[in-house]
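> Handing you this structure, nothing more for now.
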Amino acid sequence: MIPTQVTDQEKVQVWKAYRDHRPVRVPVTFGCNPRVVVLDPHYNTGGWTFEAAAKDPRTHIEVALHFALYMRTVMGPHSDLPTALPEVWEVGLNVYNVYEAAFFGAPVQFQNGQVPCTEPFLTEGNRESIFAVDVDHPLENPYIRQCLGFWQEMEKICRNLKFEGRPVKLTPWALTGTDGPVTVGCNLCGSAFIEDLAGDPDYAGRLMSLITRAAIQRRRAFWLYWGDRIGHGNGIADDSIALISSDMYRALVLPLHRQLYEAADADHGAKLLRGIHLCGDATRHFAAIHRELDVVSFDTGFPVDHGGLRRQLGLEVELLGGPEVSCLLEGSPQQVYERTRSILGSGVKEGGRFTLREGNNLPPRVPQANLAAMYEACLEHGRY
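In terms of my numbering, the sequence shown opens at residue 2 and continues consecutively.
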């Protein structure tokens with residue numbers, strides 16, 4: 002299957018029309034992180050590891066630059082991402098999804114074949130110790146200070162650095178998002194936290210409130226630290242709500258999500274568009290999240306009934322999603338094409354607020370023929 006060639010200029014127009022609510026075609030993007038380079042021997046030309054990149058600023062920059070090149074040369078031809086090399090490479094410090102647990106003292110682990118992670122460390126004997134963590138002065142937190150120091154070393158290296166004949170600029174490092182109170186609770190306590198939600202809701206509630214306050218204070222501190230150099234979005238995640246009932250979500254978690262959204266609005270001085278990332282079997286919560294929290298953008302994973310979500314949430318809500326990563330990784334190009342065509346024909350396009358992407362986070366070693374098949378299906382069946 003030979004993909005239709007789409008110029009970068011045409012892609013810009015596709016995105017502009019979409020954002021102007023006058024779409025001509027469903028835009029296509031991919032969500033990736035540097036694991037697609039580090040964990041693929043074909044692209045890992047430097048023998049990089051996540052541990053080495055976390056400890057050596059120069060290695061971190063090298064990985065970030067080769068990942069940025071990968072996004073242009075591999076992802077770009079098979080999506081509405083750009084293919085031309087930029088005039089200036091903009092890269093940043095990537096700490097993956099360990100930052101909230103590490104903020105509270107969890108040690109960062111480097112396991113073979115995986116991105117960095119943390120291990121649960123709150124057990125029956127030290128469950129209350131977490132409440133001694135100072136969440137009100139996040140820039141003084143040991144983990145944050147270590148990362149800012151690492152960023153400063155990276156910034157020095159980038160000042161006179163060139164890659165592919167182009168200068169390199171380091172973007173500000175800011176932790177303004179959150180993986181969500183339930184998810185971070187599981188990071189800290191493991192599966193016992195889900196048991197706490199049912200059996201010890203007082204402890205679970207106190208811990209989630211602390212996690213929520215920490216996220217609000219951390220975002221506020223970084224906004225003040227960097228000023229206009231960083232954006233002011235209002236999006237959160239909380240993948241682990243896939244593990245709880247709708248009643249439990251509304252009773253214990255939704256009020257904390259409301260706090261996160263309202264705090265960002267208050268800090269910004271205006272109401273921001275609200276989005277959420279939920280990559281799991283969490284769509285039963287979407288109606289309540291939209292109705293009660295006024296969330297208007299949902300980044301989905303799998304399993305997802307895309308057409309059903311559109312009918313449930315209405316024409317004005319933005320949905321992002323697409324073929325399951327298992328299909329992209331293990332399926333044939335024809336299977337990927339048919340799955341993409343099925344999603345596009347489900348009714349999810351109605352209203353013009355759908356972006357096609359993998360569901361969710363592209364793994365290493367996905368065949369380029371499958372990426373091409375997904376894009377070709379959208380070029381043929383994603384038009385309005």
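The beta-carbon is built from N, C-alpha and C at its ideal position, and this holds for glycine as well.
Excluding sequence positions up to five away, which residues of its chain have a Cβ less than 6 Å from the Cβ of residue 162?
Within the same chain, residue 162 has close Cβ partners 169.
> By DSSP's criteria, residue 11 is part of a beta bridge. Which residues make up the other side?
Residue 11 is not bridged to any residue.
> Can you tell me where the alpha helix (DSSP H) with residue 142 in it begins and where it stops?
From DSSP, residue 142 is part of no alpha helix (DSSP H); its letter is neither H nor E.
> Counting C-beta neighbours from all protein chains within 10 Å, is the total for residue 103 16 or more, i.e. buried, or is it exposed?
buried
> When the Cα atoms are used, what is the spatial distance from residue 212 to residue 158?
34 Å
> Using DSSP with H/G/I as helix, E/B as strand and the rest coil, what is residue 134?
Of the three classes helix, strand and coil, the one that applies to residue 134 here is coil, per DSSP.
> For the region 359 to 376 and the region 8 to 20, state whether three or more C-beta atom pairs, one from each stretch, are separated by less than 8 Å.
Contact annotation: the region 359 to 376 does not touch the region 8 to 20, with fewer than three C-beta pairs closer than 8 Å.
> For residue 139, does the count of other Cβ atoms within 10 angstroms reach 16, so buried, or fall short, so exposed?
buried
> Mind checking residue 241: buried by the 16 CB within 10 Å criterion, or exposed?
buried
> Measuring alpha carbon to alpha carbon, tell me which residue in 117, 174 and 204 is nearest residue 56.
117
> Can you say whether residue 229 is buried or exposed, counting buried as having 16 or more other CB atoms within 10 angstroms of its CB?
exposed
> When we look at the beta-carbon of residue 385 and count the other beta-carbons within 10 Å, is it buried (16 or more) or exposed?
By the beta-carbon neighbour count (other beta carbons within 10 angstroms, threshold 16), residue 385 is exposed.
> How would you label residue 311, buried or exposed, when you count the other beta carbons within 10 angstroms and need 16 or more for buried?
So residue 311 ends up on the buried side.
> In angstroms, rounded to a whole number, what distance separates the CA positions of residue 321 and residue 365?
21 Å
> Quick one: Cα of residue 368 to Cα of residue 329, how far?
8 Å
> Residue 356: which of 318, 339, 363 and 156 sits nearest, CA to CA?
318
> May I ask you to list the residues that DSSP assigns as paired with residue 237?
Note: residue 237 sits in a beta bridge opposite 277.
> Going by DSSP, what residues sit across from residue 156 in a beta bridge?
Answer by DSSP bridge pairing: none, since residue 156 is not bridged.
> Might you give, ordered along the chain, the residues of its own chain that have their beta carbon closer than 8 Å to the beta carbon of residue 167, omitting 5 neighbours on each side?
86, 87, 88, 89 and 90
> Going along the chain, which residues of its own chain have a beta-carbon closer than 6 Å to the beta-carbon of residue 220, five neighbours each way excluded?
177
> Could you give the DSSP three-state label for residue 310: helix, strand or coil?
helix
> To test your reading of the DSSP string, which unbroken beta strand (DSSP E) runs of 3 or more residues are found completely within the region 215 to 272?
235 to 238
> Threshold first: 4 residues or longer. Then list the alpha helix (DSSP H) segments lying entirely within the region 31 to 100, N to C.
With a minimum length of 4 residues, the continuous alpha helix (DSSP H) runs that stay inside the region 31 to 100 are 36 to 39, 51 to 56 and 58 to 71.
> In terms of DSSP beta bridges, what is residue 163 paired with?
Bridge partners of residue 163: 168.
> Under three-state DSSP, which class holds residue 384?
strand
> Check this for me: beta carbons of residue 105 and residue 359, under 7 Å apart or not?
Here residue 105 is not near residue 359, since their CB atoms are 7 Å or more apart.
> Can you round the beta-carbon distance between residue 383 and residue 26 to whole angstroms, since I take them to be within the 8 Å contact cut?
Beta-carbon to beta-carbon, residue 383 and residue 26 are separated by about 5 Å, close enough to satisfy the 8 Å threshold.
> Name, in chain order, the residues that DSSP records as bridge partners for residue 26.
Per DSSP, 384.
> Kindly indicate the opening and closing residues of the beta strand (DSSP E) around residue 300.
298 to 301
> Helix or strand or just coil, what does DSSP make of residue 284?
helix
> Three or more beta-carbon pairs under 8 Å between the region 289 to 297 and the region 243 to 257, yes or no?
yes
> Just the C-alpha distance for residue 251 and residue 288, rounded to the nearest angstrom, thanks.
11 Å
> In the DSSP output, which residue or residues are listed as bridge partners for residue 109?
Paired residue(s): 119.
> Shortest alpha-carbon distance to residue 152 belongs to which of 131, 381 and 61?
61
> Can you tell me whether residue 23 is buried or exposed? The criterion is at least 16 other CB atoms within 10 Å of its CB, across all chains shown.
The C-beta of residue 23 has fewer than 16 other C-beta atoms within 10 Å across all chains shown, which makes the residue exposed.
> Between residue 65 and residue 73, what straight-line distance do the alpha-carbon atoms span, to the nearest angstrom?
Cα to Cα, residue 65 sits roughly 13 Å from residue 73.
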